[in-house]
Amino acid sequence: MATCGVTKINISNRDPYFTSEFWTNLYDMLGIKLAFSTDYHPQIDGLAERIIQEMEEIIKGLCEYGMEYKDHGGYTNYWVTLLPEIQLSYNTSQQSTTGKSPSLVEKGCNPLMLVDHLRKEILTIHPTDQDFHYMWKREFDTAARCIAKAI
Numbered sequence: 001m002a003t004c005g006v007t008k009i010n011i012s013n014r015d016p017y018f019t020s021e022f023w024t025n026l027y028d029m030l031g032i033k034l035a036f037s038t039d040y041h042p043q044i045d046g047l048a049e050r051i052i053q054e055m056e057e058i059i060k061g062l063c064e065y066g067m068e069y070k071d072h073g074g075y076t077n078y079w080v081t082l083l084p085e086i087q088l089s090y091n092t093s094q095q096s097t098t099g100k101s102p103s104l105v106e107k108g109c110n111p112l113m114l115v116d117h118l119r120k121e122i123l124t125i126h127p128t129d130q131d132f133h134y135m136w137k138r139e140f141d142t143a144a145r146c147i148a149k150a151i
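Using full-length UniProt numbering, the first residue of the sequence shown is number 1, and each one after it goes up by one.
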């Protein structure tokens with residue numbers, strides 16, 4: 001809801017979280033249809049199932065590089081902290097079904113990335129800036145490779 005608003009239909013894998021009395025009442029109150037998929041029978045929504053498969057492949061690809069990574073400051077982070085970047089990378093990647101990115105289809109444009117604004121001539125001023133640029137570039141390239149492999 002934070003990035004796309006409220007949906008008309010919520011597709012769930014029958015997780016107890018979504019089938020609880022609280023959630024079913026909330027969905028009913030908001031007029032949101034709750035649809036369920038089942039294992040090995042993903043007919044409920046082919047597009048949703050395809051996206052889930054692609055996300056699983058992307059995350060598997062990232063995990064091949066290790067479940068955790070050290071940032072430029074030496075701090076250990078877990079792959080789950082990269083989920084916002086994965087979402088952004090996926091939403092700005094061209095999809096085979098439409099030939100366009102999800103962001104372009106939904107909003108009419110792709111968001112500018114931070115890396116789009118980095119000026120190389122300024123990066124040589126401070127080594128920390130270079131580390132930041134390389135970290136961004138490396139993570140972006142890794143996500144792009146994983147997305148390309150999944151699609």
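C-beta atoms are modelled at their ideal positions from N, C-alpha and C, and glycine is treated no differently. Bear in mind that the values here come from a model prediction, so they are computed numbers and not experimental data.
Specify, as a first and last residue, the run of the beta strand (DSSP E) that residue i falls within.
| i | result |
| --- | --- |
| L34 | K33 to F36 |
| N10 | I9 to S12 |
Candidates the options: which alpha carbon is nearest residue i's?
| i | options | result |
| --- | --- | --- |
| N110 | N91, I59, E64 and P84 | N91 |
| L88 | S96, V80 and P102 | P102 |
| residue 220 | F22, M29, D131 and Y17 | It is not possible to answer for residue 220, since the shown part of the chain is limited to 1 through 151. |
| G5 | I59, H133 and E106 | E106 |
| D15 | E49, T97, S37 and C63 | S37 |
Need the endpoints of the alpha helix (DSSP H) that residue i sits in, please.
| i | result |
| --- | --- |
| D89 | Sequence check: residue 89 is Ser here, not Asp. Segment L83 to N91, the alpha helix (DSSP H) holding S89. |
| S103 | P102 to K107 |
| T24 | E21 to L30 |
| Q53 | G46 to E64 |
Apart from the five residues just before and just after residue i, which ones in its own chain have a Cβ nearer than 8 Å to its Cβ?
| i | result |
| --- | --- |
| E85 | E139, F140 and A143 |
| K100 | Q94 |
Buried or exposed: residue i, going by 16 or more other Cβ atoms within 10 Å of its Cβ?
| i | result |
| --- | --- |
| S20 | exposed |
| S93 | buried |
| C146 | buried |
Please go through the same chain and pick out, in chain order, the residues whose beta-carbon is closer than 7 Å to the beta-carbon of residue i, but skip the five residues on each side of it.
| i | result |
| --- | --- |
| K149 | E57 and G61 |
Using C-beta distances below 6 Å, list every residue in its chain close to residue i, excluding the 5 sequence neighbours before and after it, in chain order.
| i | result |
| --- | --- |
| L34 | N10 and Y27 |
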